[in-house]
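Note that the protein sequences, when read in sequence, are chains A and B. Quick note: the first sequence uses my numbering, first residue 3, plus one each step. Quick note: the second sequence uses my numbering, first residue 3, plus one each step. Every residue, glycine too, gets a C-beta built ideally from N, C-alpha and C.
Protein chains: 2
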Amino acid sequence: MSLPKDKTPETITVGDAPKAVVNRLSFYLRELQNLLASGTATISSSQLGKRLGFTDAQIRKDLAYFGHFGYPGVGYRCDELIAKIKSILGTDRFWPVVLVGVGNLGRALLRYKGFDKQGFRIVAALDSDPDKIGRLIEDIPIHGLNEIQAVVSSRGIRLAIIAVPANDAQTVANDVVAAGVVGVLNFAPVTLILPPHVHNVGVDLAMELEQLSFAVVNSPPKS
Amino acid sequence: MSLPKDKTPETITVGDAPKAVVNRLSFYLRELQNLLASGTATISSSQLGKRLGFTDAQIRKDLAYFGHFGYPGVGYRCDELIAKIKSILGTDRFWPVVLVGVGNLGRALLRYKGFDKQGFRIVAALDSDPDKIGRLIEDIPIHGLNEIQAVVSSRGIRLAIIAVPANDAQTVANDVVAAGVVGVLNFAPVTLILPPHVHNVGVDLAMELEQLSFAVVNSPPKS
DNA sequence: GCTTGTGAACGTTTTCACAGCG
DNA sequence: CGCTGTGAAAACGTTCACAAGC
Chain A
3 MSLPKDKTPE TITVGDAPKA VVNRLSFYLR ELQNLLASGT ATISSSQLGK RLGFTDAQIR
63 KDLAYFGHFG YPGVGYRCDE LIAKIKSILG TDRFWPVVLV GVGNLGRALL RYKGFDKQGF
123 RIVAALDSDP DKIGRLIEDI PIHGLNEIQA VVSSRGIRLA IIAVPANDAQ TVANDVVAAG
183 VVGVLNFAPV TLILPPHVHN VGVDLAMELE QLSFAVVNSP PKS
Chain B
3 MSLPKDKTPE TITVGDAPKA VVNRLSFYLR ELQNLLASGT ATISSSQLGK RLGFTDAQIR
63 KDLAYFGHFG YPGVGYRCDE LIAKIKSILG TDRFWPVVLV GVGNLGRALL RYKGFDKQGF
123 RIVAALDSDP DKIGRLIEDI PIHGLNEIQA VVSSRGIRLA IIAVPANDAQ TVANDVVAAG
183 VVGVLNFAPV TLILPPHVHN VGVDLAMELE QLSFAVVNSP PKS
């Protein structure tokens, strides 16, 4: 990395890592977990790269942002590297999450089994529909939107998933942020405007298909 | 762009556009549709940039990959630019889509209302569970996995959404590709290995939360 | 032997800054 | 005047290639 004219080398934090690197870290973690589950103890950057479609050099560079995790001549120990990456991503701890919006998508997310393994759990759900409030889905109680503040602060929640209609998303986002949430995963097809200290990840299902559509339309003619 | 030493200028296709550019195109489209719906007829690159968190120059450069769509002194006409971007993304046509896996997530996707507006519709669903086969969800019939070939070819389907458990995803992917699908939107938390002519977009819900977790953990201490 | 970690080279993407136009 | 479109410059990310280590 570029050299630190900065007087305090300690400020060269891991947070400076390019977004693309952090994103790939999640891919490495997922594959390493699969590898470990299938009995693989160590793996080289080139083997891992082949499985994921990255170059070996890129994997090594990415990991080198955060430390020296490999063994020359051997590769990386899966269990060790998993622990390191989890620690970098912050998923070595438990993250309680609040879900806002218990529609079709919200219900599916409540029942989704993949969060727990990575350290996340939806511990509370909110909705504006009086018919839903008070019900339980997968043992998770559904609260009214007005209880946001109480739910978030009593359970130490820092992350929210927003799965409400597009028209309500910005209002809901404002509310969860006011309640203390600092990270938002937004499934509504709108760009949220949030204060700078709040992190934002958007997933727009139609947009993902659009990217496929473009790729298909612009592919080598006959291939 | 760099100049074409290439003898055949027609080969300078739009397909060469960086992925990041194409991805932003989807953001532009979404915002323009919202703007038009709220009565805005024209918008400048800097106004659009402010709403989306991009710079004005970036928006102009991105659009310039594909043509001259703006009016100096005025900006861009929303309706016109929407049509242009749709044409570039290929969403000016109708895309029938097959869904594989009618679990929690699959059912939510079947009921999701946001696809139609962008040109996509799930026209058939497949599952391996005999109890589900033959049922209708949102007027969509659920077929057995063995009917992939028939469903895909009879309906001219080129895109598939995979929402099956991680262990089944690669097998299902192989099957839909064999049936003629050339674009896969994969919700299973695994990296699929697909032939080069098949395009692949993955959405891993836990991974999205991991990216948030990293951002939160590595934020300016007190902010 | 094989594999990591890394400076240096390379290529790509973003930003700058301004000429040209309505 | 405001805004686009675009070369040129700057920033950034990736790949190369090899010294060092097991």
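Unbroken beta strand (DSSP E) stretches of 3 residues or longer found wholly inside the segment 156–199 of chain A: 161–164 and 185–188, given in chain order. Only N106, L107, R109, A110, L111, R113, Y114, G116, F117, K119, Q120, G121 and F122 from the segment 100–123 of chain A bring a Cβ to less than 8 Å from some Cβ of chain B. When DSSP states are grouped into helix, strand and coil, A66 (chain A) belongs to the helix group. As a beta-bridge residue in DSSP terms, R79 (chain A) pairs with A:T44. The Cβ of Q151 (chain B) sits no closer than 7 Å to any Cβ of chain A. For the segment 58–77 of chain B, the set of positions with a beta-carbon nearer than 7 Å to some beta-carbon of chain A is empty. Listed by position along chain A, the residues whose Cβ is nearer than 8 Å to that of E33 (chain B) are T193. For D129 (chain B), the uninterrupted beta strand (DSSP E) segment begins and ends at F122 to D129. Annotated three-state conformation of I139 (chain A) is strand, per DSSP. Cβ atoms of A165 (chain A) and G105 (chain A) come within 8 Å of each other, at about 6 Å. Contact check for V100 (chain B) against I159 (chain B) passes: the beta carbons are separated by less than 7 Å.
Assignment of beta strand (DSSP E) within the segment 85–111 of chain B, counting only whole runs of 3 or more residues, yields 97–102 in chain order.
Of all residues in the segment 170–186 of chain B, only V184, G185 and V186 place a beta-carbon less than 9 Å from a beta-carbon of chain A. Within 7 Å of the CB of L54 (chain B), the CB atoms of chain A belong to T193, in sequence order along the chain. Along the segment 208–219 of chain B, the positions whose C-beta sits under 9 Å from a C-beta of chain A are A208, M209, E210, L211, E212, Q213, L214, S215, F216, A217, V218 and V219, read in chain order.
Between the alpha carbons of F117 (chain B) and G69 (chain A) lies a distance of about 43 Å. In this structure the segment 198–208 of chain A touches the segment 211–221 of chain B; the number of beta carbon pairs closer than 8 Å is three or more. Under the Cβ criterion (8 Å, minimum of three pairs), the segment 129–138 of chain B does not count as touching the segment 80–99 of chain B.
The C-beta distance from L161 (chain B) to G185 (chain B) rounds to 4 Å, short enough to meet the 8 Å contact threshold. No Cβ-Cβ contact shorter than 7 Å links L65 (chain B) with E33 (chain B).
In the three-state DSSP reduction, V203 (chain A) falls in the strand class (E or B).
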